[in-house]
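Novice: For reference, the structure I am asking about is given below.
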């Protein structure tokens, strides 16, 4: 529903620091995210990124350039974070792209 899922998900993306253009890119890139549970699916993925040392600005960059990662399993996301870290790409402009490979 609009009230139950759409608005809270958009607000959550804004709370993460995404501007309206970035929110739109995420929605267009991964419209299925409105079917995901914020508490049990989306928030834990962002928490994983934070626990791995990704700064808020890096998370914004990752989400806006690679919204598909919101659909990754926890196992795949953990693997992608290791690859990015091994490449030394944490400050690279292609950070989001490296999360996809």
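Numbering (this note's numbering), first residue to last: 921 to 1021. We put the CB at the ideal spot given by N, CA and C, even for glycine. Just so we're clear, the structure is a prediction, and the values are computed from it rather than from any experiment.
Among 1004, 971, 925 and 991, which one has its Cα closest to the Cα of residue 950?
Specialist: Counted from its first residue, the chain shown places residue 950 at position 30. Measuring from the Cα of residue 950, the nearest candidate turns out to be 991.
Novice: By how many angstroms is the C-alpha of residue 1007 removed from the C-alpha of residue 958?
Specialist: Residue numbering aside, residue 958 sits at position 38 when the chain shown is read from its first letter. Residue numbering aside, residue 1007 sits at position 87 when the chain shown is read from its first letter. So the two alpha carbons sit approximately 30 Å from each other.
Novice: Could you give the DSSP three-state label for residue 999: helix, strand or coil?
Specialist: What you label residue 999 is simply residue 79 of the chain shown in a count that begins at 1. In this structure, residue 999 counts as helix in the three-state DSSP scheme.
Novice: With 16 other CB atoms within 10 Å as the buried threshold, where does residue 926 fall?
Specialist: Walking along the chain shown from the start, residue 926 turns up at place 6. Under this definition residue 926 is an exposed residue.
Novice: Alpha carbon to alpha carbon, what distance is there between residue 1004 and residue 1012?
Specialist: Taking the chain shown and counting its residues from 1, the one referred to as residue 1012 is at position 92. Taking the chain shown and counting its residues from 1, the one referred to as residue 1004 is at position 84. Residue confidence for residue 1012 is low, a pLDDT of 46 falling below 50, so the modelled location carries little weight and cannot support an answer.
Novice: Can you list, in chain order, the residues of its chain with a C-beta nearer than 6 Å to that of residue 987? Leave out the 5 residues immediately preceding and following it.
Specialist: Within the chain shown, the letter at position 67 stands for residue 987. Within the same chain, residue 987 has close Cβ partners 946, 949 and 950.
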